[in-house]
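Top line first, the protein sequences correspond to chains A, L and B.
Just add 38 to the spot in the first sequence (first one is 1) and you have this note's numbering.
Just add 241 to the spot in the second sequence (first one is 1) and you have this note's numbering.
Just add 379 to the spot in the third sequence (first one is 1) and you have this note's numbering.
Idealized CB from N, CA, C, for every residue including glycine.
Treat the numbers as computed from the prediction; the structure is a model and nothing was measured.
Structure record follows, encoded as structure tokens.
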Amino acid sequence: MSARVSAVPSTQPLPERRRIGDRFGDLFLHGLTGAAAAAAAVLLGAIAWKIFQLAWPAITKYGFAFVTRQGWDTVHNKFGALDLIWGTALTSFAALLIATPLSIAIGLYLSELAPRGARTVIASLVELLAAIPSVVLGLWGILVLGPFVGQDLEPWLHRHLGFIPLFSGSPENAGMLVAVLVLTIMIVPITSSICRELFLGVPTELEQGALALGATRWEMVRGVILPYTRSGVSAAILLGFGRAVGEAIAVTQVIGAGHGIHWSLFVTGDTLASKLAEQYQGAVSNIQIASLVYLAAILLVISLLVNLTALFIVRRFSHERIGGS
Amino acid sequence: MAVDAGRYSLTLSRRTRRRKGVNVLMQALATLAALAAVAVLALVIISVARRGASALSWDFFTKNAATFGQSGGGVANALVGSLVIVGLATAMAVPVGILIALYVSEFAPPRVGDLVRLVLDVLNGLPSIIIGIFVYGLLVIGSGQAAWKGSFALAIIMLPLVARATQEVLALVPSTLREGALALGASRWRTVLGVVLPTSFGGIITGTVLAVARAAGETAPLLFTTSIAANAVTWDPRQPVLSIPYDIFVLSESPDPADHARAWALGFVLICFVLVTSLSARLLLVRYRKRLEG
Amino acid sequence: MEADTMNVVAPIEIAQPREAPRSASDLEIVFETRGLTVSYGKAPAVSDVDLSIYRNLVTAIIGPSGCGKSTFLRSLNRMNDLVPSAKVEGEVLYHGQNIYGDGVDPVEVRRRIGMVFQKPNPFPKSIYDNVAWGLRVLGMKDDLDSRVERALTQAALWDEVKDRLKKSAFGLSGGQQQRLCIARAIAVEPDVVLLDEPASALDPIATSKIEDLMHELKNEYTLVIVTHNMQQAARVADMTAFFTLERTESGGHGVLVEYDETPKIFTQPADKRTEGYVTGRFG
Numbered sequence: 039m040s041a042r043v044s045a046v047p048s049t050q051p052l053p054e055r056r057r058i059g060d061r062f063g064d065l066f067l068h069g070l071t072g073a074a075a076a077a078a079a080v081l082l083g084a085i086a087w088k089i090f091q092l093a094w095p096a097i098t099k100y101g102f103a104f105v106t107r108q109g110w111d112t113v114h115n116k117f118g119a120l121d122l123i124w125g126t127a128l129t130s131f132a133a134l135l136i137a138t139p140l141s142i143a144i145g146l147y148l149s150e151l152a153p154r155g156a157r158t159v160i161a162s163l164v165e166l167l168a169a170i171p172s173v174v175l176g177l178w179g180i181l182v183l184g185p186f187v188g189q190d191l192e193p194w195l196h197r198h199l200g201f202i203p204l205f206s207g208s209p210e211n212a213g214m215l216v217a218v219l220v221l222t223i224m225i226v227p228i229t230s231s232i233c234r235e236l237f238l239g240v241p242t243e244l245e246q247g248a249l250a251l252g253a254t255r256w257e258m259v260r261g262v263i264l265p266y267t268r269s270g271v272s273a274a275i276l277l278g279f280g281r282a283v284g285e286a287i288a289v290t291q292v293i294g295a296g297h298g299i300h301w302s303l304f305v306t307g308d309t310l311a312s313k314l315a316e317q318y319q320g321a322v323s324n325i326q327i328a329s330l331v332y333l334a335a336i337l338l339v340i341s342l343l344v345n346l347t348a349l350f351i352v353r354r355f356s357h358e359r360i361g362g363s
Numbered sequence: 242m243a244v245d246a247g248r249y250s251l252t253l254s255r256r257t258r259r260r261k262g263v264n265v266l267m268q269a270l271a272t273l274a275a276l277a278a279v280a281v282l283a284l285v286i287i288s289v290a291r292r293g294a295s296a297l298s299w300d301f302f303t304k305n306a307a308t309f310g311q312s313g314g315g316v317a318n319a320l321v322g323s324l325v326i327v328g329l330a331t332a333m334a335v336p337v338g339i340l341i342a343l344y345v346s347e348f349a350p351p352r353v354g355d356l357v358r359l360v361l362d363v364l365n366g367l368p369s370i371i372i373g374i375f376v377y378g379l380l381v382i383g384s385g386q387a388a389w390k391g392s393f394a395l396a397i398i399m400l401p402l403v404a405r406a407t408q409e410v411l412a413l414v415p416s417t418l419r420e421g422a423l424a425l426g427a428s429r430w431r432t433v434l435g436v437v438l439p440t441s442f443g444g445i446i447t448g449t450v451l452a453v454a455r456a457a458g459e460t461a462p463l464l465f466t467t468s469i470a471a472n473a474v475t476w477d478p479r480q481p482v483l484s485i486p487y488d489i490f491v492l493s494e495s496p497d498p499a500d501h502a503r504a505w506a507l508g509f510v511l512i513c514f515v516l517v518t519s520l521s522a523r524l525l526l527v528r529y530r531k532r533l534e535g
Numbered sequence: 380m381e382a383d384t385m386n387v388v389a390p391i392e393i394a395q396p397r398e399a400p401r402s403a404s405d406l407e408i409v410f411e412t413r414g415l416t417v418s419y420g421k422a423p424a425v426s427d428v429d430l431s432i433y434r435n436l437v438t439a440i441i442g443p444s445g446c447g448k449s450t451f452l453r454s455l456n457r458m459n460d461l462v463p464s465a466k467v468e469g470e471v472l473y474h475g476q477n478i479y480g481d482g483v484d485p486v487e488v489r490r491r492i493g494m495v496f497q498k499p500n501p502f503p504k505s506i507y508d509n510v511a512w513g514l515r516v517l518g519m520k521d522d523l524d525s526r527v528e529r530a531l532t533q534a535a536l537w538d539e540v541k542d543r544l545k546k547s548a549f550g551l552s553g554g555q556q557q558r559l560c561i562a563r564a565i566a567v568e569p570d571v572v573l574l575d576e577p578a579s580a581l582d583p584i585a586t587s588k589i590e591d592l593m594h595e596l597k598n599e600y601t602l603v604i605v606t607h608n609m610q611q612a613a614r615v616a617d618m619t620a621f622f623t624l625e626r627t628e629s630g631g632h633g634v635l636v637e638y639d640e641t642p643k644i645f646t647q648p649a650d651k652r653t654e655g656y657v658t659g660r661f662g
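In structure tokens, the structure reads:
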């Protein structure tokens with residue numbers, strides 16, 4: 039291309055090849071990234087489809103009665119999920135019961151009380167707790183926490199609160215209570231860091247409005263911060279619940295593979311997820327494998343419901359806040 | 242100075258004294274809760290370190306486990322196994338995760354972007370044992386276990402972590418930077434690959450490191466995909482291999498105290514790796530964000 | 380109290396000539412600041428303020444932005460305590476007691492000296508509960524309904540909200556929200572209400588409602604208002620204090636330039652700086 043003097047100043051047109059290259063490049067990158075995103079969606083669908091496909095023989099054979107039947111009889115191929123659903127519900131709810139007030143308290147400490155310099159340090163220490171692999175926590179649970187629970191905590195609870203069914207029975211080193219405590223340790227860092235962010239998001243004007251009326255800090259928390267963040271906190275608790283329900287490894291290590299439905303927290307038990315982790319190599323017959331995956335299917339449905347509800351609340355909550363201000 | 246004590250008094254009334262008491266009590270409880278969390282962290286780390294550190298030796302890292310029925314020996318095979326599985330999982334998850342993040346932040350219409358984020362969040366919330374069973378059904382049934390199948394399962398766990406972390410740093414890239422590049426006449430893809438992505442490189446790295454730290458400790462997805470393995474070091478991803486978390490899991494269930502000692506030592510190795518990586522990733526991320534947000 | 384009322388200006392009539400006789404009267408001093416300096420970190424935001432605020436008057440604080448007028452206002456009910464780096468020197472005497480003195484509790488201070496903020500900040504509660512919350516917290520639970528009604532009536536809001544007391548306060552307009560915040564502040568029967576640019580986020584109609592309200596409220600309360608709007612100060616205030624930013628090598632800090640009856644500040648200011656500010660932007 040030779041330089042010609044032109045009366046009309048204009049930029050040189052891009053070389054044709056470059057233009058085509060750009061258009062092609064744009065399309066290609068758009069397509070490639072879009073395909074990756076689509077693959078994630080397909081993956082999610084495939085997981086659900088595969089789990090139900092594997093469980094299908096058991097679903098057709100036992101139907102919904104599987105959910106309401108007790109016992110796991112591998113000799114006669116009689117399987118039911120009720121014991122495990124009970125174990126999952128009891129451990130998860132009990133863990134949540136301890137973890138919720140703790141998480142809110144830690145969130146409040148980190149957002150309102152902690153000295154400014156120490157704030158981020160303590161917050162990242164709490165978050166580090168979430169980074170400890172569940173298998174290590176389970177190891178600690180079975181060898182350190184378990185003996186303490188069996189020899190000190192449970193006898194003490196039994197002596198003082200034995201009239202409550204939860205604390206009846208004889209103490210054990212492995213069992214529901216150890217599982218509850220390990221799950222609590224796993225949930226608290228997750229929910230408390232969400233709580234902290236929610237509390238930090240409360241507009242200062244609101245907090246000052248409460249204090250200017252002569253409220254104490256705690257009254258401000260109760261009257262303004264907690265009501266303002268209520269839906270967010272409930273979503274955080276739900277996410278913690280989802281985590282507790284799905285934890286397999288640490289629970290398997292400490293729960294002691296018991297069966298039956300008991301109110302006592304001292305006895306050994308099993309959850310949906312822990313049963314799966316225990317039987318990973320033990321399944322022999324096809325129907326047994328299908329029954330195990332049936333458990334996974336129940337777990338999948340619970341976890342999808344819990345997570346979607348939590349995500350829905352979070353989304354609605356953020357819209358509300360934008361609308362409210 | 243005469244002060245109308247009743248009406249204008251600023252000293253504590255009895256009622257205020259009680260309210261202040263409740264306030265102090267609640268503040269104490271909150272402080273205690275935070276202390277308890279930090280104490281549990283310290284307790285776990287100290288427990289593991291005290292029991293695990295002493296077993297570490299050169300042989301522990303370089304020798305294989307003793308043959309079946311005997312205790313002792315090293316963990317070289319599990320160490321290499323973990324390296325292979327996690328390395329391969331990272332290689333699978335990171336490119337796809339970055340592509341998804343690019344799609345959400347640069348190309349997707351808002352509604353589609355929301356949907357992709359929802360899919361990632363749901364994936365992230367799935368119990369890892371479900372992912373293990375999925376890969377078992379998809380890849381293991383019929384053809385047996387292999388390290389790369391375990392990697393695939395871990396990659397599914399890492400994918401939403403990498404994608405969300407990347408997407409968050411991409412959102413921090415100032416739009417003026419994009420506009421600047423586009424205003425020069427650069428095409429979209431050159432802008433994305435030449436300007437946006439390099440700017441967020443530091444953030445992507447830290448996101449990846451956090452995902453690796455998480456994957457290195459995952460046990461459940463490996464149970465069904467790479468757990469029945471020979472007691473030998475192998476770098477071949479087509480073979481099933483052992484891994485550190487799986488080894489800890491098995492050893493912790495054993496009644497033999499010698500096995501427990503090995504489990505503690507492995508736990509110490511794992512916890513050191515996880516804590517060092519996630520701590521440094523966090524520090525880097527804070528610094529990186531400060532730089533970007535300026 | 381007797382000692383404090385000795386050297387006090389007379390009640391102000393807006394139309395009164397400026398040489399109003401300054402004699403002892405029944406005007407009572409509510410606040411007296413002595414050498415008040417508030418700093419954030421090392422830098423003083425407002426420095427060495429001596430100012431007396433009189434009962435049942437509206438006192439306006441005006442001045443350019445950055446002159447420390449909000450900081451000064453917030454030091455009157457210890458809202459500055461919430462800023463960790465804030466440091467207060469000098470005295471703020473409230474009916475003779477130093478509110479920063481030993482044995483004085485900020486919670487008690489704020490209960491007697493209420494505050495209304497720049498941006499309406501209703502709580503995420505119903506209209507009724509916004510007003511009732513402070514009453515409940517402070518233990519004024521007898522006759523809650525009539526206390527709420529009285530506060531809303533005083534704030535000229537009752538007729539607009541009486542049919543939807545249980546609805547969320549977020550459904551109100553900005554002006555209504557601000558009047559709700561005023562109702563919330565006066566429901567707990569404070570002695571003083573501090574208003575920090577209460578109308579700056581509102582439209583002219585809502586602003587004039589707030590201004591009318593202030594004329595009503597001064598019968599029962601002592602009002603101190605910070606405003607950047609000089610017309611507003613001239614309309615509502617009996618006394619006006621002019622603050623300005625005094626530049627120094629290390630930046631600058633707010634100082635009180637002049638404090639007098641409002642008409643005098645706006646028509647015959649004693650200080651050149653006041654005159655410059657008032658004539659430069661006013662009229």
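- Beta-bridge analysis with DSSP links A/Q319 to no other residue.
- Contact with chain B is found for A/L249, since one of that chain's Cβ atoms lies less than 8 Å from the residue's Cβ.
- Residue environment for L/L411: buried (at least 16 other C-beta atoms within 10 angstroms of its C-beta).
- Below 8 Å, enough C-beta pairs join the region 216-234 of chain A and the region 260-274 of chain A to call them touching: three or more.
- Per the coordinates, the alpha-carbon of B/P501 lies some 9 Å from the alpha-carbon of A/E243.
- Straight-line measurement puts the Cα of L/L282 at about 44 Å from the Cα of A/L67.
- With respect to the 8 Å criterion, B/L455 and B/L573 are classified as neighbours on the basis of their beta carbons.
- Within the same chain, Cβ atoms closer than 8 Å to the Cβ of B/A424 are found at V417, S418, G447, T450, H632, G633, the five residues on either side in sequence being excluded.
- Membership of B/K448 in any beta strand (DSSP E) is not indicated; the residue belongs instead to the alpha helix (DSSP H) covering 448-454.
- Among the CB atoms of chain A, one or more fall inside 8 Å of the CB of L/L520.
- Secondary structure note for L/I382: it is in no beta strand (DSSP E), with a DSSP letter that is neither H nor E.
- Burial is judged here by how many other beta carbons sit within 10 angstroms of a residue's own beta carbon; B/S629 has fewer than 16 and is exposed.
- Between A/A273 and A/P227, the C-beta gap is not smaller than 8 Å, which leaves the two residues out of contact.
- Excluding its 5 nearest sequence neighbours in each direction, L/W505 has C-beta neighbours in its own chain below 6 Å: R292, G293, listed in chain order.
- With respect to L/L367, A/I225 sits apart: the two C-beta atoms are not nearer than 8 Å.
- Within the region 251-274 of chain A, those residues whose Cβ lies closer than 7 Å to any Cβ of chain B are, in chain order, L251, G252, A253, T254, E257, G261, V262, P265, Y266.
- An exposed status is given to L/W299, since fewer than 16 other beta-carbon atoms sit within 10 Å of its beta-carbon.
- Here B/T653 has F621, V636, E637 as same chain residues with Cβ atoms under 6 Å from its own Cβ, once five neighbours each way along the sequence are excluded.
- Annotation: A/L181 to L/D500 spans about 12 Å, alpha carbon to alpha carbon.
- Inclusion of A/L330 and A/Q317 in the CB contact set at 8 Å is warranted, their separation being smaller than that value.
- For B/V495 and B/V615, the gap between their C-alpha atoms comes out near 16 Å.
- DSSP places L/T467 in the coil class of the three-state scheme, outside both helix and strand.
- In the DSSP assignment, B/H607 falls outside any beta strand (DSSP E), carrying neither H nor E.
- Only S250, L251, T252, L253, S254, R256, T257, R260, K261 from the region 250-276 of chain L bring a Cβ to less than 8 Å from some Cβ of chain B.
- When secondary structure is reduced to three states using DSSP, A/F117 falls in the strand class.
- Here L/A317 is near L/T303, since their CB atoms are less than 8 Å apart.
- For A/S172, the uninterrupted alpha helix (DSSP H) run begins and ends at 172-178, by DSSP.
- Note on geometry: alpha-carbon atoms of L/S392 and A/K88 lie some 18 Å from one another.
- Buried is the label assigned to B/A613, since at least 16 other Cβ atoms lie within 10 Å of its Cβ.
- The way I'd put it, the region 342-357 of chain A does touch the region 348-366 of chain L; three or more beta-carbon pairs between them come closer than 8 Å.
- Look at B/Y479: its C-beta is not under 8 Å from any C-beta on chain L.
- Unbroken alpha helix (DSSP H) runs of no fewer than 4 residues, entirely contained in the region 532-588 of chain B, are found at 537-540, 553-566, following chain order.
- In the three-state reduction of the DSSP assignment, B/A620 falls in the strand class.
- In the three-state scheme derived from DSSP, where H, G and I count as helix and E and B as strand, A/Q291 is classed as helix.
- Taking 8 Å as the threshold, the shortest C-beta distance from L/T331 to chain A does not fall below it.
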